[in-house]
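Heads up: the structure comes next, in structure tokens.
Residue numbers (this note's numbering): 52 to 305.
Written out as structure tokens, the structure reads:
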């Protein structure tokens, strides 16, 4: 109407107010990581190449969703994924034995120097978890352990120096990032999802592992990886944006 002051465009969306993260970071979902049903991760990628790796909000560890009891997504999933990857670490003892028998030089995740011996074991109560995922659903999260990688028992320890990030460990897309262990001793290995240098792990998860299920894409993030432009481009090509990801899960739910 004449004389009426025009209203400023709303910053509200159906999801809530637009945040700095929404304006700055591109979002790329990686569904069914390692071939495991609904075990989704998400990467928030900054234009400068910094990538924040998280569990997706629909991950069964986050939602407590009941998992399928049969099908391709079974207890040997991690071992199969490791056996077919060119530079992927094995995740359990059976795949380690198979690699040794074929002369493969890959090391088992969590192994000590030279790949021999079990190395540090995850879990609040100590001892090796019984399976990589349960048949029903996950119990509450008990620990997040970053010792699943290679490197003289240190795993994915962050020890970088200077502006050029000297000493940072280079991870492949399918490299193990951390063990997520529940109170029943079941575990799942989160992956890097993008190739790059590991420059930060979430130290708060050592004392507050529940953050990764309560606030998976905020204070419960898993790690920050610095990716090169070519690796960022690959993430754009292989990842799914939010709309495509939600459409995928909506179709499956029908």
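Heads up, the beta-carbon is just placed ideally off N, CA and C, and yes, glycines get one too.
Task: Cβ distance (whole Å) where residue 274 is taken to contact residue 104 below 8 Å - done: 5 Å
Task: Three CB pairs or more closer than 8 Å across the region 221-229 and the region 260-277 - done: yes
Open item on the list: If the criterion is Cβ atoms closer than 9 Å, does the pair residue 264 and residue 117 meet it?
Closed with: no
TODO: Measure the alpha-carbon distance for residue 283 versus residue 76 and round it to whole angstroms.
DONE: 12 Å
TODO: State the beta-bridge partners of residue 196 as determined by DSSP.
DONE: 230
Task: Local Cβ density within 10 Å of residue 261, reported as buried at 16 or more and exposed below that - done: exposed
Task: residue 243 versus residue 198: straight-line alpha-carbon distance, rounded - done: 14 Å
Task: 8 Å contact criterion, which residue 251 and residue 209 should meet: CB distance rounded - done: 6 Å
Task: Rounded separation between residue 297 and residue 84 - CA only - done: 16 Å
- [ ] Alpha carbon to alpha carbon, how far is residue 80 from residue 253? Give it in angstroms, no decimals.
- [x] 20 Å
Open item on the list: Ignoring anything shorter than 4 residues, give me the alpha helix (DSSP H) runs that lie fully in the region 71-100, in order along the chain.
Closed with: 71-75
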